[in-house]
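Numbering (this note's numbering), first residue to last: 108 to 430. Idealized CB from N, CA, C, for every residue including glycine.
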Amino acid sequence: MTQQVSELFDPAEWEVAPDAEGYTDITAHLSRDGRIARVAFDRPEVRNAFRPHTVDELSDALERVRVNPRVGAVLLTGNGPSPKDGGWAFCSGGDQRIRGRDGYRYSDDADPAEKAKPSSQDAMRSQPHAGAQPAARARAARLHILEVQRLIRFMPKVVIALVPGWAAGGGHSLNVVCDLTIASREHARFKQTDADVGSFDAGYGSAYFARQVGQKNAREIFFLAREYDADRAREIGAVNEVVPHEELERTGIEWAREILGKSPTAIRMLKYAMNAVDDGIAGQQIFAGEATRLAYGTDEAVEGRDSFLEKREPDWSPFPYSY
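If you want it as structure tokens, here you go:
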């Protein structure tokens, strides 16, 4: 029997994903038929804030989902409630307790807590040693949650955010980059804390968010850093649907099943076509790459390949200039 990992989690629907037993900061499950993935933050005692180790596990789980040909939809959520106070969270962003001058630190790195006027020795200790191996220096502090944003953005399947509680800071940005969002009417709360803590997501979290909700709404949410509820999020276009708390995951599964009833190729191409509007040449490359792969399946492309291998002129006469 699958272990109960959250009050909203139905063990009868899920089984632990392969190689996911070792995760400590997240949980990863597949539906019994292997078609839907559920990936969840599992640090409810700190409102599902992430640290570098959390992000490593999240990246690993999402990459496994990306290359799994059976999975067509992904539910991204947060387990809960908190054992400390009963509060719910999707993700409250980066754990500020381990934020250093150069990013978020792994637990085996130096304590990032700094004095108001650190001594030169303290300052030296807070940075990777100049003689350290390049990999160690690169690993010392990270902002690789941005890589997770891109992994979600470029994943060739639909990612649905299920927001059971707080989506704040970097968690707010993760909601932005997901394809669809369903939020708990009773507990979902949104807040962009960047300006409160001296941080800023100048990419998808802000610029793309402004595309979603409009410039005035986005600037209000970032500059005033006020919290807003699920109904307000739905009103401005940051959320697709608001449902009773106890129905959140069930609704997510229903949406995922509905998506699974559509053409996988059409879903992939539609997602990349919509992305390309905002993703510049990188988005165009992804869309064009998928189009090229589709073209390879045509008789016309096969003729081009075969003529090259057979060292003859290609015969394009059977192929019209379609319009």
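Opposing strand residues paired with Glu122 [DSSP bridges]: As a first step, residue 122 must be located in the sequence shown, where it is residue number 15. As computed with DSSP, Glu122 is found in a beta bridge with Leu137.
Where do the N-terminal and C-terminal ends of the beta strand (DSSP E) with Leu287 fall, by residue? Taking the sequence shown and counting its residues from 1, the one referred to as residue 287 is at position 180. If you look at Leu287, you'll find it in the beta strand (DSSP E) that goes Leu287 to Ser291.
Assuming Val284 is part of the alpha helix (DSSP H), what are its boundary residues? Residue mapping note: residue 284 aligns to position 177 of the sequence shown, counting from 1. Element bounds for Val284: Gly277 to Val284.
Do Asp301 and Gly321 have their C-beta atoms closer together than 8 Å? On the sequence shown, residue 301 is found 194 positions in, with the first residue counted as 1. On the sequence shown, residue 321 is found 214 positions in, with the first residue counted as 1. Contact flag unset, no.
Who are the near neighbours of Glu474 in its chain, counting only those whose CB is closer than 8 Å to its CB and skipping five residues on each side? As shown, the chain starts at 108 and ends at 430. That puts residue 474 outside it, with no answer to give.
Report the rounded CA-to-CA distance for Pro371 versus Lys191, giving the unit in angstroms. By one-based count along the sequence shown, residue 371 stands at place 264. By one-based count along the sequence shown, residue 191 stands at place 84. Those two C-alpha atoms are separated by around 42 Å.
In the DSSP assignment, what are the bridge partners of Arg296? Position 189 of the sequence shown, counted from the first residue, corresponds to residue 296. Beta-bridge pairing links Arg296 to Trp273 and Asp336.
Taking only runs that begin and end inside the stretch 349–410, name each unbroken alpha helix (DSSP H) of 4 or more residues, in chain order. The stretch 349–410 is shown to contain whole alpha helix (DSSP H) runs of 4 or more residues at 355–367 and 371–403, in chain order.
Return the CA-CA distance between Ser280 and Arg139, expressed in angstroms with no decimal places. Numbered from 1 along the sequence shown, position 173 holds the residue referred to as residue 280. Numbered from 1 along the sequence shown, position 32 holds the residue referred to as residue 139. Cα-Cα distance, rounded: 30 Å.
Identify, in the order they occur along the chain, each residue of the same chain with its Cβ nearer than 8 Å to the Cβ of Glu152, setting aside the five sequence neighbours on each side. Translated into the one-based positions of the sequence shown, residue 152 becomes position 45. Excluding positions up to five away in sequence, the list reads Ser189, Pro190 and Lys191.
In the DSSP assignment, the beta strand (DSSP E) including Ala144 goes from what residue to what residue? Along the sequence shown, one-based indexing puts residue 144 at 37. Ile143 to Phe148 is the extent of the beta strand (DSSP E) around Ala144.
Under the assumption that Val270 contacts Thr288 (Cβ atoms under 8 Å), give the Cβ distance between them as a whole number of angstroms. For the purposes of this step, residue 270 is taken as residue 163 along the sequence shown, with counting starting at 1. For the purposes of this step, residue 288 is taken as residue 181 along the sequence shown, with counting starting at 1. Confirmed, Cβ separation roughly 6 Å.
Given a cut-off of 8 Å, decide if Phe316 and Val283 are closer than it, judged by their beta-carbon atoms. Along the sequence shown, one-based indexing puts residue 283 at 176. Along the sequence shown, one-based indexing puts residue 316 at 209. In this structure, Val283 sits near Phe316, with a CB-CB distance shorter than 8 Å.
Could you check if Ala220 is buried or exposed, using at least 16 other CB atoms within 10 Å of its CB as the buried criterion? Translated into positions along the sequence shown, residue 220 becomes position 113. Bear in mind that a pLDDT of 46 at Ala220, under 50, signals an unreliable position, so the number given afterwards is only what the model happens to contain. Within a 10 Å sphere around the beta-carbon of Ala220 sit fewer than 16 other beta-carbons, which makes this residue exposed.
Looking at the structure shown, is Ala314 part of a helix, part of a strand, or coil, going by DSSP? Residue mapping note: residue 314 aligns to position 207 of the sequence shown, counting from 1. In this structure, Ala314 counts as helix in the three-state DSSP scheme.
Is it buried or exposed for Tyr311, if we count other Cβ within 10 angstroms and need 16 for buried? Taking the first residue of the sequence shown as 1, we reach residue 311 at position 204. Buried, since its Cβ has 16 or more Cβ neighbours within 10 Å.
With DSSP as the reference, identify every bridge partner of Ala268, one or two as the case may be. As a first step, residue 268 must be located in the sequence shown, where it is residue number 161. Beta-bridge pairing by DSSP links Ala268 to Leu183 and Thr288.
Alpha carbon of Arg158 to alpha carbon of His294, nearest angstrom: Numbered from 1 along the sequence shown, position 51 holds the residue referred to as residue 158. Numbered from 1 along the sequence shown, position 187 holds the residue referred to as residue 294. Rounded to the nearest angstrom, the two C-alpha atoms are 24 Å apart.
Pick from Gly179, Trp121, Ile360 and Asp386 that is closest to Ala373, judged by C-alpha positions: Counted from its first residue, the sequence shown places residue 373 at position 266. Residue Gly179 is the option with its Cα nearest to Ala373.
On the three-state DSSP scale, how would you describe Ala302? In the sequence shown, the residue the question calls residue 302 occupies position 195. Ala302 falls in the helix class under three-state DSSP.
Residues that Gly201 bridges to, as DSSP identifies them: What you label residue 201 is simply residue 94 of the sequence shown in a count that begins at 1. Residue pairing from DSSP places Gly201 in a beta bridge opposite Phe157.
For Ala274, which option in Phe330, Phe148, Pro425 and Val409 has the closest C-alpha, if you only look at C-alpha atoms? Here residue 274 is taken as the residue at index 167 of the sequence shown, counted from 1. If we check each option's Cα against that of Ala274, Phe148 comes out closest.
Count the other CB atoms within 10 Å of the CB of Gln299; is the residue buried (16 or more) or exposed (fewer)? Indexing the sequence shown from 1 puts residue 299 at position 192. A residue is called buried once 16 or more other Cβ atoms fall within 10 Å of its Cβ, and Gln299 is buried on that count.
Sequence-distant residues of the same chain with beta carbon closer than 6 Å to Ile434, five excluded per side: Here the chain comprises residues numbered 108 to 430, so residue 434 is not present and cannot be evaluated.
Tell me the DSSP secondary structure of Ala196 in three-state form. Taking the first residue of the sequence shown as 1, we reach residue 196 at position 89. The answer is strand: DSSP assigns Ala196 an E or B state.
Are Ala127 and Ala168 closer than 8 Å when you measure CB to CB? Start at 1 with the first residue of the sequence shown, and residue 127 comes out as number 20. Start at 1 with the first residue of the sequence shown, and residue 168 comes out as number 61. Yes, the Cβ-Cβ distance between Ala127 and Ala168 is below 8 Å.
When we look at the beta-carbon of Ala124 and count the other beta-carbons within 10 Å, is it buried (16 or more) or exposed? Counting from 1 along the sequence shown, the entry for residue 124 is found at position 17. By the neighbour-count rule (16 or more Cβ atoms within 10 Å), Ala124 is buried.
Which of the three DSSP states is assigned to Phe261 in this structure? Numbered from 1 along the sequence shown, position 154 holds the residue referred to as residue 261. In the structure shown, Phe261 sits in a helix (DSSP, three-state: H, G or I).
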